[in-house]
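Notes follow once the structure below has been shown.
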Amino acid sequence: MDNQGIIESLSAGDFSTAVLREALTAGGETQQAMFSLARARRHEHFPDDQVQVRSVIEISNVCRQQCLYCAIGGKSQRKNYTLDGKTIVTLVDYLYEKGRRTVLLQSGENPERSFVDDVAAAVGEIHRRHADLRIILCMGDLPEADYQMLHAAGATDYIIKFEASRESLFMACKPRDSLDNRIACIRTLARLGYRVGSGNIVGLPGQTLDDLVADLELAHELPLMMNSTTIFVPAENTPYANEPPGNPAWTLNMMALLRIMNPHRLMPTTSSLEKMMPDGQYLGLMAGANTVTIHDGTPKELHDLFPIYSAKRIRPQLEHFMDIVRRAGLNARFTP
Ligand code: SF4
53 MDNQGIIESL SAGDFSTAVL REALTAGGET QQAMFSLARA RRHEHFPDDQ
103 VQVRSVIEIS NVCRQQCLYC AIGGKSQRKN YTLDGKTIVT LVDYLYEKGR
153 RTVLLQSGEN PERSFVDDVA AAVGEIHRRH ADLRIILCMG DLPEADYQML
203 HAAGATDYII KFEASRESLF MACKPRDSLD NRIACIRTLA RLGYRVGSGN
253 IVGLPGQTLD DLVADLELAH ELPLMMNSTT IFVPAENTPY ANEPPGNPAW
303 TLNMMALLRI MNPHRLMPTT SSLEKMMPDG QYLGLMAGAN TVTIHDGTPK
353 ELHDLFPIYS AKRIRPQLEH FMDIVRRAGL NARFTP
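The numbering used here numbers the first residue of the sequence shown as 53 and each following residue consecutively.
Rendered as structure tokens:
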């Protein structure tokens, strides 16, 4: 298939395996034309050209999983921490004062009764204090009753990535979980009324091009309001520390295809992309992303204790985003 053929097929909504395989590895002019199509699709569905700005608070690093790409939850974890509900509310008050209206509360997967109840109480208090603030949770697989309780307390959005759409690849990197379970969680959350975000990792050890095609198909089929894709970063102190990193160009292609296939969804440009390529987050916006996450909610002394992809994570701040959003010809939106 020639370059023009790929773009024409994607424009016409042909998302067949052959087209997606070619598109995922596209370079040069084809890649630029695909990014341009992704931006056009974004503009059609978000005509105000706004980028949603959210702040993240990493509320706990306690996790029952041991994903092979993540330094949280493994034997090397230096220290556990969990912010209590009062501290979470205080941090959200601080962010609200700074003008933030969308906050992501992120933790490892910890179904302990006391933890989930404490988060639900904090969410309820935040909702009472700041009714115009959107609360996004990222807490992993929990029982339906807990999702229900957190939603009733005021959480409206939930991020839970499927990471890999092939069961054997999923099990290789998330041996304590199962893909079926993860997908069941996504469907449950959507049924309960959450706006759900999910997606994959590009470059996992053992991943093939066909896996990425299947990831695109699964993301397209799931009841999502938000897409996300991250690039695999071989994190120190993990079993994957010596594996090669994901391909940044393919990650951008994945983002563009997620946008073209699901134009109405929010999609972040991630800090891992910034770590793996110069100006990575700007390029993510140019490939169709429309969400950024400011790392200004977690107390500084806890930063080293939440090393999802690296203890040397990039924690982008507001100035960085204002710059890349402006350069991409977009506008920052702080309202939910
Ligand atoms: S990626 Fe998430 S679920 Fe997996 S070990 Fe890290 S914190 Fe836990």
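Beta carbons: idealized from backbone N, C-alpha and C, even for Gly.
Sequence-distant residues of the same chain with beta carbon closer than 8 Å to residue i, five excluded per side
i      : result
Gln369 : Ile346, His347 and Asp348
Glu177 : Gly137 and Val141
Asp184 : Arg153, Thr387 and Pro388
Ala293 : Pro286 and Ala287
In DSSP terms, what residue i is bridged to
i      : result
Ser112 : Thr134 and Ser159
Val103 : Ala384
Tyr210 : Leu189 and Val248
Ile346 : Ser107
Leu318 : Met278
Thr154 : Arg186
Glu215 : Asn252
heavy atom of ligand 1 below 7 Å from residue i C-beta
i      : result
Ile124 : yes
Glu161 : yes
Gly251 : no
Cys115 : yes
Cys119 : yes
Gly192 : yes
Cutoff 7 Å; reference residue i; Cβ partners in own chain excluding five residues on either side
i      : result
Ala207 : Val175, Ile187 and Leu189
Leu89  : Ile59, Leu62, Ser63 and Ile312
Gly245 : His203
Phe373 : Val105, Val344, Ile346 and Ala384
Arg379 : Tyr334
Ala341 : Met307, Met319, Pro320 and Thr321
Lys31  : With the chain covering 53 to 388 only, the question about residue 31 has no answer from this structure.
Arg180 : none
Glu74  : Met53 and Ile58
Pro257 : Tyr292 and Glu295
Close Cβ partners of residue i (< 6 Å) along its chain, the five nearest in sequence each way excluded
i      : result
Asp170 : Gly137
Ala123 : Ala287, Asn289, Thr290 and Pro359
Arg385 : Gln102 and Gln104
Lys194 : For the record, residue 194 in the displayed sequence is Leu; it is not Lys. Once the five neighbours on either side are set aside, the close Cβ partners of Leu194 are Pro163.
Arg93  : Arg311, Ile312 and Pro315
Thr350 : Ile109 and Glu110
Ser217 : Ala266, Asp267 and Leu270
Gly192 : Glu161
Proximity test, Cβ basis, 8 Å: residue i and chain C
i      : result
His272 : Although the question refers to chain C, the structure presented lacks it and comprises just one protein chain.
Check whether the segment 130-137 and the segment 90-101 touch, using three or more Cβ-Cβ pairs below 8 Å as the test. no
Can at least three beta-carbon pairs, one atom from the segment 294-305 and one from the segment 232-241, be found at a separation below 8 Å? no
Quick one: which unbroken beta strand (DSSP E) runs of 3-plus residues sit fully inside the segment 245-303? Chain order, please. 247-254 and 278-283
Would the segment 246-256 and the segment 267-285 be scored as touching if the rule is three or more Cβ pairs under 8 Å? yes
Should the segment 156-163 be called in touch with the segment 111-118, which here means at least 3 C-beta pairs below 8 Å? yes
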